[in-house]
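Asker: Structure provided below as structure tokens; questions to follow.
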Amino acid sequence: LTASLGIALYPKHAADSEEMIARADSAMYQAKMSGKNRWAVFGSAKLY
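Shown next, in the form of structure tokens:
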């Protein structure tokens, strides 16, 4: 079992809940594309 996680912070990355969810989703797909069992913060080049 693996997990990919995307993180967005309020209010740094988003002004409302819809924007925050979209940005966290974007970060999650960035993590998924880099491999399994990773997490990423929106707007960061680093993946963990």
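The number in our numbering is simply the position in the sequence shown, starting from 1, with 953 added. Idealized CB from N, CA, C, for every residue including glycine. On a predicted model such as this, the values are computed, not experimentally measured, just so you know.
#1: Does Ala961 pass the burial test, meaning 16 or more other C-beta atoms within 10 Å, or should it be called exposed?
#2: With a threshold of 7 Å on Cβ separation, who are the neighbours of Ser987 within its own chain once the five nearest residues in sequence on each side are excluded?
#3: Would you mind working out which of Asp969, Trp992 and Glu971 sits nearest Ser957, comparing C-alpha positions?
#4: Check whether the Cβ atoms of Gly959 and Ala977 sit closer than 8 Å, and answer yes or no.
#5: Which of helix, strand or coil does DSSP assign to Ala975?
Answerer: According to the structure shown:
#1: Looking at its Cβ environment, which holds 16 or more other Cβ atoms inside 10 Å, Ala961 is buried.
#2: Apart from sequence neighbours up to five positions away, the residues of its chain that approach Ser987 with a beta-carbon distance below 7 Å are Leu1000, ordered along the chain.
#3: Of the candidates Asp969, Trp992 and Glu971, the one whose C-alpha sits nearest the C-alpha of Ser957 is Trp992.
#4: It is a contact, given that the beta carbons lie within the stated cut-off.
#5: Three-state result, Ala975: helix.
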